[in-house]
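End of the first sequence = 552 in the numbering used here, gap-free, step of one. Here the structure is laid out as structure tokens; the discussion comes afterwards.
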Amino acid sequence: MSASAFQAPRGTRDVLPDAQGHKRFVELAASRAAAAFGYERIDTPTFEDAGLFVRGVGETTDIVEKETYTFKDRGGDLLSLRPEGTAPVCRSYLQHGMRNRAQPVRLHYICPMFRYDRPQAGRYRELSQFGVEIIGDADPAVDAEVIELGWGLLRDLGLSGMALLLNSIGDPACRPRYVAALREYYEARADAIAHDECRRRLKSNPLRLLDCKEASCRALIQSAPSSIEHLCAECSAHWNELLACLDQLRIPYRLDSRLVRGLDYYTRTVFEITPPGAGSQGTILAGGRYDGLIEQIGGSPTPGIGFAAGVERIILNLQEQKIPAPADAGTKVLLAHLGPDAKKFALVLGSDLRSRGVPAILAPAGRSLKAQLRYASSVSATHAVIIGEREIESGTLVLRDLAHSRQQNLSRRDLIASLASPVMQGQPQ
RNA sequence: GUGAGCGUGGCCAAGUUUGGUUAAGGCGCCAGGUUGUGGCCCUGGAGAUCGAGGGUUCGAAUCCCUUCGCUCACCCCA
């Protein structure tokens, strides 16, 4: 690879044909899961007004502060490549007056996100997320529904050993009291805070003290007051009902009082799903309730909850757990041809086959039959049609079943009928 | 933003410590193995200025400097 050659930009990558199987597998399972719960698809623009993320996600969050791709366009507008999906969906909800639809509104998306991070295993600058949002319903049953959707998706993909972590961080009514309690706790032990970063957090964002991974902070976190104990009556009722719902659904969860998440818009329920050997890049699906977000970006108070799942991380885990993508089972025909007349014949036959729904590939011209059939194997064709002068003269073509090494002579019409027959078309989609 | 490791044909790589004739090998690709039949096997072929630039030397993939890139970890997050 010479230095002058272009490369995919840092943190991005090409998904080559061989890797498409897993990607399609995940995307398909995701849209099926969404459909099963009645979440309709929405696509929002790749870039948005930069202010949307500052207002929505929070200006002191790392995502907005240092990971966003922000630029001025030629007209002078300040835009950001979308770093996450919730704020754009809420913006769209507002812009299109979706509160005039039957509430709640259920939406899902699957599209690329952009974050200026240093790349690493399971972390890319361009990543694909599958996400769902349900807007307009504050009932805890809806929290449980969203969790069930995500949990079920991973289960249906065949992933095992997943852990659901759950917490409630309260709402504007009770969180300030909790934050105060937390701050009090830490201030009383100020000299025990060895970690510089956490000394800052104490002032700027005390909640984040809780998910510090520093060893010296662990002991402090261990006995820090938990948000659950400080929930107001409403939040507490919400929380208890959510747990009851999850119990009803038999979804196992683990309470984690350190789970606070890095986006400012969360209220009440927050959750994460992590795989067995969860490293630092472990979280593959995470979300929470954001009852204040829509108001924050200019709407009237509207509750919402959702999650986002990292497609690349899911694929990584599929590979780790040795779960193969389902192979596509359909027919694929290679048209081998010998001589200029046969080539023309093959061209038209291919066209006819495709119009009957049979994928057909023209063999590379000018090669021996042997080489053309070798090519058929390497592109994993299931059948080959052999067209030579003999066939054109007699009007009988050779249809070779490559998997079973059998062949038969058929008229052009019978051959097309045979390949286009339903038993040949194993493709579900 | 911080730290560590690594850059040899499309891919995986030996060789780098102990500088020395045409830079191993495997995969893949192309072609042949008789006259129109694949996947296995055999044979042959194409393909690398050893990431880039500079330096040391009679001579460097191998030593020195600079630079770029990649990977992993911290941080953060999906």
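Just so it is clear, CB atoms sit at the ideal spot from N, CA and C, and this is done for glycine as well. Here the structure is a predicted model, which means the values were calculated and not measured.
- In the structure shown, VAL481 falls within a coil segment according to DSSP collapsed to helix, strand and coil.
- C-alpha of LEU372 to C-alpha of GLU268: approximately 9 Å in a straight line.
- Looking only at LEU204, ARG298, ILE417 and ASP464, the smallest Cα-Cα distance to ILE258 is reached by ILE417.
- Taken through DSSP and simplified to helix, strand or coil, ASP451 comes out as coil.
- In summary, ASP319 is exposed, with fewer than 16 beta-carbon neighbours lying within 10 Å of its beta-carbon over all protein chains present.
- Looking at the backbone, the Cα of PRO424 and that of ALA409 are separated by about 23 Å.
- Burial is judged here by how many other beta carbons sit within 10 angstroms of a residue's own beta carbon; THR191 has at least 16 and is buried.
- Collapsing the DSSP output to three states places TYR232 in a strand.
- For SER339, the closest of CYS321, LEU330 and GLU352 by C-alpha to C-alpha distance is CYS321.
- Comparing alpha carbon positions, the residue from LEU288, SER203, ALA347 and THR397 closest to ILE316 is ALA347.
- In this structure, DSSP gives ASP172 an extended state, which the three-state scheme calls strand.
- In the three-state reduction of the DSSP assignment, ILE270 falls in the helix class, which pools H, G and I.
- In this structure, the alpha-carbon of ALA431 lies about 16 Å from that of ALA286.
- At the C-beta level, GLY415 and THR392 stay beyond 8 Å of one another.
- The three-state reading of DSSP puts HIS527 in coil, since its state is none of H, G, I, E or B.
- With fewer than 16 other Cβ atoms from the protein chains shown falling within 10 Å of its own Cβ, ARG477 counts as exposed.
- Where GLU435 is concerned, the enclosing alpha helix (DSSP H) starts and stops at 434-443.
- Membership of GLY410 in any alpha helix (DSSP H) is not indicated; the residue belongs instead to the beta strand (DSSP E) covering 408-412.
- Residue nearest to VAL502 within the set LYS455, GLY400 and ILE446 is LYS455 (criterion: CA-CA distance).
- CA-to-CA, the gap between PHE394 and ASP379 works out to about 9 Å.
- Using a Cβ distance threshold of 8 Å, LEU217 and GLY411 do not count as a contacting pair.
- In the same chain as ARG178, and ignoring 5 residues on each side of it, the C-beta atoms closer than 7 Å to its own belong to GLN419 and ILE420, in chain order.
- Contact fails between the segment 204-218 and the segment 446-464, because fewer than three Cβ pairs, one in each stretch, are under 8 Å apart.
- With a minimum length of 4 residues, the unbroken runs of alpha helix (DSSP H) contained wholly in the segment 337-415 fall at 338-345 and 356-371.
- Residue pairing by DSSP places HIS506 opposite VAL456 and ASP524 in a beta bridge.
- For ASN290, the secondary structure class from DSSP, reduced to helix, strand or coil, is strand.
- For the pair ARG300 and HIS361, the CB atoms are not nearer than the 8 Å cut-off.
- Contact check between the segment 174-189 and the segment 243-256: fewer than three CB pairs, one atom from each, fall below 8 Å, which does not count as touching.
- Short of 6 Å from the beta carbon of LEU277, and not among the five residues preceding or following it, lie these beta carbons of its own chain, in chain order: MET285.
- The C-beta distance from ILE438 to VAL149 rounds to 6 Å, short enough to fall under 8 Å.
- Bounds of the beta strand (DSSP E) holding LEU201 are 201-204.
- The beta carbon of PRO242 sits closer than 7 Å to those of ARG133, GLY134 and ARG248, all from its chain and outside the five residues before and after it, given in chain order.
- For GLU249, the enclosing beta strand (DSSP E) begins and ends at 249-258.
- With 16 or more other CB atoms across the displayed protein chains lying within 10 angstroms of its CB, LEU458 is buried.
- For LEU441 and HIS460, the gap between their C-alpha atoms comes out near 41 Å.
- When DSSP states are grouped into helix, strand and coil, PHE148 belongs to the helix group.
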